[in-house]
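Q: The working numbering puts the first residue of the sequence shown at 88, with every later residue one more than the last. The beta-carbon is built from N, C-alpha and C at its ideal position, and this holds for glycine as well. The following block contains the structure, expressed as structure tokens.
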Amino acid sequence: MAPDSGSDFRADARIGVDVGGTFTDIVLALADGRIVLNKTTTTPRDPGEGVVAGIAAVLAEAGLDPARVAEIVHGTTVASNTILQKVGARTGLLTTAGFRDVLEIGRIRTPGMFDLRWKKPEPLVPRRWRLEVAGRIAADGSVVTPLDEAGVRAAAARFRAEGVEAVAVCFINSYVEPAHERRAAEILRAEAPEILVTASCEVLPEIKEYERTSTAVVNAYLLPAMRVYLDRLTAKLGELGIAAPVQVMASNGGMVGIATAGNKPVFAVGSGPAGGVTGAARIGNAVGAPDLIVFDMGGTTAKASIIEGGLPSLVTEYEFRDGISSPSRFIKGGGYMLKVPAIDIAEVGSGGGSIARIDAGGLLVVGPESAGGDPGPACYGRGNMRPTVTDANMALGLLNPTALAGGSLAVDPERSRTAIQAEVAGPLGIDVAAAAHGIRQVANVNMARAIRAVTVERGRDPRDMALMAFGGGGPLHAVDVARLLGIRRVLISPVSGVFSAAGMLAAEAEHSFVRAILAPLDGVPEAVLDSARTALAADGEHALAAEGYGGDAATLRFAADLRYLGQSSELTVPVTECLDAGGRQRLAAAFHRLYAETFGYSADEPVELVNLRVTAVGTAATRIDFAALDLDPAALAGGSGSRMVSFARDGAPVATRIVPRAAVADGPVAGPAIIESYDTTIVVPPGCTARAAEAGCIAIDLEPA
């Protein structure tokens, strides 16, 4: 097909990009509802290479002129990988005299009370690069000690001499009065223009010294890597002929412009997983299931989140760390604190590429180490000889034994069996099938832990919800994971293997701003609240206008951070009315209800207002509509016939029907069956039935129909 040209030219196509540990997923959405999909191997050294290659492929397949692209929405792992791999900037910290060791002290907590092997994460700023300066602001905003500007200049000289690349500035009480902090940042930028500077008041103007310092430090640590990546990506897209703006997914499920992402990368650490949750929320509303468990299994990790009342569950802080990463309010101290709005996502290192091994105690362990996309699982034949979860699925017959990703990725099941025999079956003295089932079961249990972290640990019963699965591996494991949790219904999303990329095209532009109040709720003068709301509204409207959103496309959503007087943590409650005396009473009542729902009880205690927040939302006119997708038939195509599949360790392999995803529209598919499509494989075990559902989903009932 020749590229579009001529008098009907218009820039109306949008592209969603999700960079995973194994594959980079691309979704091209056209204004008429047609979508084109692509999965290309992730290029770890420069993820932008895989992004551009995938975009070029979908444009070529659609025969689309690159100038027709109106917007690219990008979920990137650059920020998270920079932290995990410890390859961020040489970072310094300039702080108030006496606060040099805030990062070391933290919250004085450990994630596991009885884990004697736990080691505290190394601060991202070595102590020699944490410099103090005289100057102090009081809690009421008054100046106790003037800022020592000569000391700031001396610090700049020290940072330059040490080769520091980025500096975070965090002074005591700057959330009340940021004058000292802004002046120090100004001096640093003038004295050392090559050093990137983050002032905490620009990122997090909130109370709590450790949280504010940690967030500012992480932002500074990420600045060079994110800016280099985005600049390089923009240049490569320009070479491809794409001049469209790039929007980056933020951790809260919204989009931010490339300039915001380059200045505040801390808001995009959870960028990739947020797209899938956003898309799941849109689908849940379309299929009449506003309460959902979201289960996303990729090549490196599995993620879980919940949708309640049609909206993702949000938190205002989380810790980023290795292993199971969860924003749980009850487990703190194990990672780097980020006090930014984020979707409540638990993540565990169990994905298709997770490596299985026998540990020193003779136990089977799966993950978090991953074979990634290069070399990938053993069956890829690219040099890895260790078994992965994908190899276990291949050995059991659950995956196509010839090729994956629509035939573009050749595989060899014999390599999977050889790897499992050498690394697991042989050492344990069991056969390959039993070892493969063991690998799969350990992975399933790990993933069920992630789901429990966002349901049971939040006071939600997973048995009351449906499980929506996507990702390359989610539909492969969804039914088994659901059974572990007592869930009775599974929904498989449309375009499951690239759903996070598609979900990004359902996102809205979002910018968050906050004003600290810190006073009893019933004692704050109404004029103070009105002034704070007016200032927040101006910030939100300005941010949206800079990205082209205004009028009906712009919405402001206010919220308040509340706590019982004397507590150290708060809950966020929506503000939907004027905060006069009556409005504040109703806001307090809403807080009591939310507190009881979260912790199981509420108290007859005074309520304190900590912060006012606004989320400025810009709605794109061409958001993807999952109920009206016009899929390329190739995306629904799959195998046919049958093959022997092992569904249980204590049962013999059974002849299992193989059907393409498109065939589900013709009527229910009773298990055992394997449903194949370009981007994923759906397992329907014996005793289950799959049927077509709304918005392109497939529903699987775990009991006989």
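When the Cβ atoms of the stretch 176 to 190 are set against those of the stretch 253 to 264, are three or more pairs found closer than 8 Å?
A: Yes: at least three Cβ pairs fall under 8 Å.
Q: Label K390 either buried or exposed according to how many other C-beta atoms from any shown protein chain fall within 10 Å of its C-beta, with 16 as the threshold for buried.
A: When all chains shown are included, K390 counts as buried.
Q: Find the nearest neighbour of A779 within the set V756, D766, T767 and R673, judged by alpha-carbon distance.
A: Measuring from the Cα of A779, the nearest candidate turns out to be V756.
Q: So, with DSSP's three-state summary, where would you put M534?
A: Helix at M534.
Q: Bridge partners for E597 per DSSP, in chain order?
A: V704.
Q: Considering only residues of the same chain and omitting the five flanking positions on each side of E87, which have a CB-CB separation below 8 Å?
A: The requested residue 87 is not part of the displayed model; the chain covers only 88 to 792.
Q: So, under 8 Å CB-CB, E595 and G754 are touching, yes? Tell me the CB distance rounded to an integer number of Å.
A: That pair is no contact at about 37 Å.
Q: I'd like to know whether the C-beta atoms of F734 and P693 end up nearer to each other than 7 Å.
A: Against a cut-off of 7 Å, the Cβ pair of P693 and F734 comes out as no contact.
Q: Is the beta carbon of L310 closer than 7 Å to that of L283?
A: Taking 7 Å as the Cβ cut-off, L283 and L310 qualify as a contacting pair.
Q: How would you write the range of the beta strand (DSSP E) that Q334 sits in, first residue to last?
A: Note, Q334: beta strand (DSSP E), V333 to M336.
Q: Hey, which unbroken runs of the alpha helix (DSSP H) at 4 residues or more fall wholly within the stretch 235 to 286?
A: With a minimum length of 4 residues, the continuous alpha helix (DSSP H) runs that stay inside the stretch 235 to 286 are 236 to 249 and 266 to 278.
Q: Can you tell me the Cβ-Cβ gap for A703 and L631, rounded? I've got them flagged as a contact below 8 Å.
A: Yes, A703 and L631 are in contact; Cβ-Cβ is about 5 Å, under 8 Å.
Q: List, from N- to C-terminal side, the alpha helix (DSSP H) runs of 4 residues or more that fit wholly inside the stretch 430 to 507.
A: DSSP runs (the alpha helix (DSSP H)) wholly in the stretch 430 to 507: 476 to 482 and 500 to 507.
Q: If we call anything under 7 Å between Cβ atoms a contact, is V220 one with G238?
A: Going by C-beta atoms, V220 is nearer than 7 Å to G238.
Q: To which residues of the same chain is A433 closer than 6 Å at the C-beta, ignoring the five residues directly before and after it?
A: The residues are A391, S413, A537, A540 and V541.
Q: For I711, which three-state DSSP category applies?
A: Residue state, collapsed to three classes: coil.
Q: Is the stretch 617 to 625 touching the stretch 323 to 343, taking contact as three or more C-beta pairs under 8 Å?
A: They do not touch, by the three-pair rule.
Q: Taking the alpha-carbon of V353 as reference, which of T163, A140, R545 and I274 has the nearest alpha-carbon?
A: The residue with the shortest Cα to Cα distance from V353 is T163.
Q: I'd like to confirm the pairing. Which residues does DSSP put opposite A405 in its beta bridges?
A: Looking at the sequence shown, residue 405 is not Ala but Tyr. According to DSSP, Y405 bridges with L425.
Q: According to DSSP, is K323 helix, strand or coil?
A: Three-state DSSP puts K323 in a helix.
Q: What does the alpha-carbon distance come out to for the pair T403 and A520?
A: So the two alpha carbons sit approximately 45 Å from each other.
Q: I'd like to know whether the C-beta atoms of A677 and V697 end up nearer to each other than 7 Å.
A: Taking 7 Å as the Cβ cut-off, A677 and V697 do not qualify as a contacting pair.
Q: Considering just the uninterrupted stretch of the alpha helix (DSSP H) at T776, what are its terminal residues?
A: Premise fails: T776 lies in the beta strand (DSSP E), T776 to A779, not in any alpha helix (DSSP H).
Q: According to DSSP, simplified to helix, strand and coil, what is D378?
A: Reduced to three states, the DSSP call for D378 is coil.
Q: Could you please give me the residues that DSSP links to R384 through a beta bridge?
A: The question names Arg, but residue 384 is Met in the sequence shown. Beta-bridge pairing links M384 to A389.
Q: Taking only the alpha-carbon atoms, compute the straight-line gap between R504 and S495 and give it to the nearest angstrom.
A: Straight-line Cα distance between these residues: approximately 22 Å.
Q: Take every Cβ of the stretch 315 to 325, pair it with every Cβ of the stretch 204 to 211, and state whether three or more of those distances are shorter than 8 Å.
A: Not touching, per the Cβ criterion.
Q: Whole angstroms are fine: how far does the CA of A523 sit from the CA of G513?
A: Distance between the alpha carbons of G513 and A523 is about 12 Å.
Q: Report the residue ranges of all beta strand (DSSP E) runs contained in full by the stretch 120 to 160; include only those spanning at least 3 residues, in chain order.
A: The qualifying runs are 121 to 128.
Q: Spatial neighbours of S469 within its chain, please: CB distance less than 7 Å, with the 5 preceding and 5 following residues excluded, ordered by chain position.
A: Looking at the sequence itself, residue 469 is Arg, so the reference to Ser does not match. D461, P462 and G463, listed in sequence order.
Q: So, at 8 Å on beta carbons, what are the nonlocal neighbours of D91 in its own chain, with the 5 sequence-adjacent residues on each side left out?
A: In this prediction, D91 has a pLDDT of 40, which is less than 50 and means its spatial position is unreliable; what the coordinates show is noted afterwards. Excluding positions up to five away in sequence, the list reads G150, L151, D152 and R155.
Q: If I measure Cβ to Cβ from G440 and keep anything under 8 Å in the same chain, skipping five residues before and after, which residues do I get?
A: Contacts found: G108, T109, G386, T387, S457, A458, G459, G460, G463, P464, T475, V476 and T477.
Q: Is it the case that the stretch 128 to 147 contacts the stretch 266 to 285, given that we only count it when at least three CB pairs across the two stretches are under 8 Å?
A: No, they do not touch.
Q: Report all residues from its chain with a CB closer than 8 Å to the CB of A89; omit the five preceding and five following residues, and keep chain order.
A: Annotation note: pLDDT 35 at A89 (below 50); position unreliable, coordinate value reported separately. Same-chain partners within the cutoff: G150.
Q: Where does the unbroken beta strand (DSSP E) through E692 begin, and where does it stop?
A: Premise fails: E692 is in no beta strand (DSSP E) and is neither H nor E.
Q: Please name the residue, chosen from F586, C665 and R570, that lies closest to D617 on a Cα-to-Cα basis.
A: Checked all of F586, C665 and R570; the closest Cα to D617 is C665.
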